[in-house]
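Sequential numbering of the sequence shown, starting at 27, is according to the numbering used here.
All residues carry an ideal CB built from backbone N, CA and C; glycine is no exception.
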Amino acid sequence: MKTIENSKINSDQELKDLFQLIEKEDSQYHSFLSLHKNYARFDENRQGKLANVPIAIKDNICVENTIVTAGSKVLEDFTSPYDATIIEKLQNAGAIIVGKTNLDEFAMGSSTENSAFGPTNNPLDTSLVPGGSSGGSAVTVSANFVPVAIGTDTGGSVRHPASMCGVIGFKPTYGEISRYGVIAMGSSLDQIGIFGNRVGDIETVFNVIRGSDPKDSTSQIEKSKKSAKMHNSEKISLGIPYHFIQKGLSVEVKEKFEMVVEKLREKYEIVDISLPHIDYSLAVYYIIMPVEVASNMARYDGVRYGKNKNSLGDEVKRRIILGTYTSSAGYADKYYHRAQAVRKLILEDFKKVYSQVDYIMMPTSPVLPWKIGEKINDPMSMYLMDIFTVPVNLAGLPAISIPTKRDPLSVGIQFIANQFNDDSLLKDSKEFLEIIKNI
C-alpha cells in the first residue's frame with residue numbers, strides 16, 4: 027500500500043521506473059489519459075510537505091502547457107495556458123505531477139464509462155466499473171501507482187469511486203479549496219476532493235491545497251476557522267437516517283453496513299435520526315445540476331475553444347437539454363426555483379441534526395460495482411447510484427468515504443460532518459478507519 031512516506035521519489039531513475047511501471051500495468055486499467063514524462067522531474071533540493079511525492083490529477087484540472095481534455099473530444103487538443111490554483115499549491119509543496127487521469131466526459135457520470143477515450147477498469151476486478159466520475163484518480167491509488175490523487179466531486183464523484191475501488195475519498199466543505207483552473211460542471215456543487223490509502227496523507231494534502239483564493243470567490247477559509255466546532259459531548263455520536271438508507275440498498279452493502287454499525291456501537295453512540303426532506307435530494311440535484319451544466323457548457327462555442335461540439339457524448343447532451351428545458355421561460359418556476367427552495371430545506375434539516383449528533387453515517391453507494399457496459403444504456407439506474415452522496419453536495423458539507431476490507435470487493439462507509447468541520451472529521455476518521463478496515 028502506497029503512502030506519502032514510502033512513495034517519495036529519491037532519484038531520476040526512480041521516477042523513470044515509476045513511469046515504466048505505470049505504462050506496463052495501466053494497460054489493464056486505463057486510469058491515465060496522459061503521463062507527464064517530459065515535464066515531471068526529480069529535484070533533491072525540493073522542500074515542502076510533499077517534496078518529490080508523485081500525485082495524479084483528474085483531467086479536468088488545468089496544468090500549464092499540458093493538454094486538458096475533460097474526457098471529451100471537444101477539448102482533446104486544448105493546451106492549458108495556466109496552472110490551476112491547486113496545481114500551484116501542490117508544486118510549491120514539492121509534489122511531482124505524474125499525469126492526468128481518466129474521467130466521465132466533463133465529469134458527468136458515475137462509472138467512468140462516459141469518457142470519450144474509453145472506460146477505466148476497476149483494479150479489484152477488471153470486469154467491473156471503478157465508479158465515477160473521478161474513476162481514473164481512484165484507480166491510480168487503488169492500483170498503487172501513487173499514494174494520493176486529486177479528483178472533483180459534484181454529486182459524489184470522489185466518494186463514489188473511492189467506495190468502488192476500496193480507497194479513501196474525501197470531499198471538503200464547499201469553498202475550502204479554490205476551484206480556479208477546474209473545468210466547471212455545476213458551480214454551486216463542485217468541489218475538489220482527495221483520494222488516498224491513509225487519512226493522514228489526505229489530511230496532509232488537504233492542508234497544502236486549502237485556503238482562500240482571490241481568483242475563486244467561493245473559497246472561504248477564513249470563515250472555516252471561525253465556524254468549526256468540536257464534538258457535542260465526550261463520546262462521539264453517529265446519526266444514521268434509517269428511514270432514508272433502506273431504499274435501493276443491495277443485500278451485500280446492507281449486510282456489510284450493519285456489521286460496521288454494530289462494531290462502531292461498541293465505542294460510539296449510534297442515533298437514529300430524521301432528515302425529512304432528504305428523500306427529495308436526488309430529484310432536486312438532477313434539476314439544479316443540469317441547469318448549471320447547460321450554463322457552463324455554453325462557453326464551448328468553437329471560437330476560443332471547444333471545437334467539434336457535435337462530438338459531445340450522449341450523457342453530456344442529455345444534461346444540457348434537461349438543464350435548458352428546466353430553466354426556460356414557463357418552466358423555471360415550476361422546476362428550478364422550487365428545487366432551490368427544497369435545497370434550502372435539506373440544508374436546514376442537516377443543521378438541526380448536527381445539534382444532536384457529531385456525524386451522519388450511511389453507505390457511500392447503494393450497490394457494489396457492476397459490470398462494465400451493464401448500466402450504460404440506463405441513465406435512470408445510473409443516476410440512482412448517487413442517492414447517498416448528492417445530499418452532501420446540495421448542503422455543501424464535508425464527507426469522507428472509508429473502505430471496509432477488500433473481500434475481494436470493498437464497501438465504502440460515508441461519514442458526513444457539519445459545514446467547516448473538516449479538521450475534526452479527518453481527525454476522527456483515522457479512528458473510524460482502524461475499526462472499519464478489518465470488517
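(request) Give the DSSP-derived three-state secondary structure of PRO405 in the structure shown. (result) helix
(request) Could you pull the start and end residues of the alpha helix (DSSP H) that MET388 belongs to? (result) Per DSSP, MET388 belongs to no alpha helix (DSSP H); it is in the beta strand (DSSP E), 385-389.
(request) Determine the direct distance from the alpha carbon of ALA77 to that of LYS252, and round the result to whole angstroms. (result) With a pLDDT of 48 at LYS252, under the threshold of 50, the predicted position of this residue should be treated as unreliable, and no value is reported.
(message) Taking the beta carbon of PHE132 as the centre, do at least 16 other beta carbons fall within 10 Å, making it buried, or is it exposed?
(response) buried
(request) Assign GLY328 to buried or exposed, taking buried as 16 or more other Cβ atoms, counted over all protein chains shown, within 10 Å of its Cβ. (result) exposed
(message) Is it the case that the segment 356-370 contacts the segment 151-165, given that we only count it when at least three CB pairs across the two stretches are under 8 Å?
(response) no
(request) Within its chain, find whatever has a CB closer than 7 Å to the CB of ARG345; leave out the 5 residues flanking it on each side and keep chain order. (result) MET134, PRO316, VAL319
(request) Using alpha carbons as the reference points, say which of LYS42, LEU61, LYS99, VAL165 lies closest to LYS337. (result) It is Ser, not Lys, that sits at residue 337 in the sequence shown. Of the candidates LYS42, LEU61, LYS99, VAL165, the one whose C-alpha sits nearest the C-alpha of SER337 is LYS99.
(request) Quick one: grab the DSSP three-state call for ALA425. (result) strand
(message) Check whether the segment 133-148 and the segment 51-66 touch, using three or more Cβ-Cβ pairs below 8 Å as the test.
(response) yes
(message) Would SER354 and THR390 be called neighbours here (beta carbons separated by less than 8 Å)?
(response) no
(request) Give the single residue among ALA324, ARG185, PRO429 whose Cα lies nearest to the Cα of VAL342. (result) ALA324
(message) On a Cα-Cα basis, can you pick out the residue from GLY192, ILE203, TYR200 that is closest to PHE221?
(response) GLY192
(request) For SER3, I'd like the list of residues in its chain whose CB is within less than 6 Å of its CB, leaving aside the five on either flank, ordered along the chain. (result) No statement about residue 3 is possible, as the shown extent of the chain runs from 27 to 465 and does not include it.
(request) Find the nearest neighbour of ILE262 within the set VAL393, SER168, LEU290, judged by alpha-carbon distance. (result) LEU290
(message) Which of the three DSSP states is assigned to ASN64 in this structure?
(response) coil
(message) Could you check whether LEU101 and ASN419 sit closer than 8 Å to each other, using their CB atoms as the reference points?
(response) no
(message) For ILE218 and VAL393, I'd like the C-alpha separation in whole angstroms.
(response) 24 Å
(request) Please report the residue range of the alpha helix (DSSP H) in which ILE176 lies. (result) That residue, ILE176, is in no alpha helix (DSSP H); its beta strand (DSSP E) goes 174-178.
(message) On the DSSP letters alone, give me the boundaries of the alpha helix (DSSP H) that GLY226 sits inside.
(response) 225-235
(request) Measure how close the beta-carbons of ILE194 and ASN223 come, nearest whole angstrom, since I'm counting them as under 8 Å. (result) 7 Å
(message) For GLU260 and TYR385, what's the separation of their Cα atoms in angstroms?
(response) 14 Å
(request) Could you give the DSSP three-state label for ASP242: helix, strand or coil? (result) strand
(request) Would you mind stating whether PRO187 and GLY158 have Cβ atoms separated by less than 8 Å? (result) yes
(message) Going by DSSP in three states, ILE442 sits in which element: helix, strand or coil?
(response) strand
(request) Using only alpha-carbon positions, find the residue among ILE304, VAL297, GLY265, SER243 that is nearest to LYS273. (result) ILE304
(message) Going by the DSSP bridge assignment, what does THR127 pair with across the sheet?
(response) PHE58, LYS84
(message) Considering only their Cβ atoms, is the gap separating ASP85 from GLY207 smaller than 8 Å?
(response) no
(message) Between SER141 and chain C, is the shortest Cβ-Cβ distance under 8 Å, so that the two count as touching?
(response) The question asks about chain C, but that chain is absent: this structure has only one protein chain.
(request) Determine the direct distance from the alpha carbon of PHE68 to that of VAL379, and round the result to whole angstroms. (result) 48 Å
(message) Among ILE465, GLN46, LEU41, whose alpha-carbon lies nearest the alpha-carbon of PRO80?
(response) LEU41
(message) Could you compute how far the alpha carbon of ASN170 sits from the alpha carbon of TYR357?
(response) 48 Å
(request) Enumerate in chain order the residues of its own chain whose CB-to-CB distance from ILE465 is below 8 Å, with the five nearest sequence positions on each side excluded. (result) LYS282, MET285, VAL286, LYS289, THR430, LYS431
(request) Return the residue from the list SER436, LEU275, LYS75 that minimises the CA-CA distance to GLY226. (result) LYS75
(request) Taking only the alpha-carbon atoms, compute the straight-line gap between LEU129 and PRO145 and give it to the nearest angstrom. (result) 8 Å
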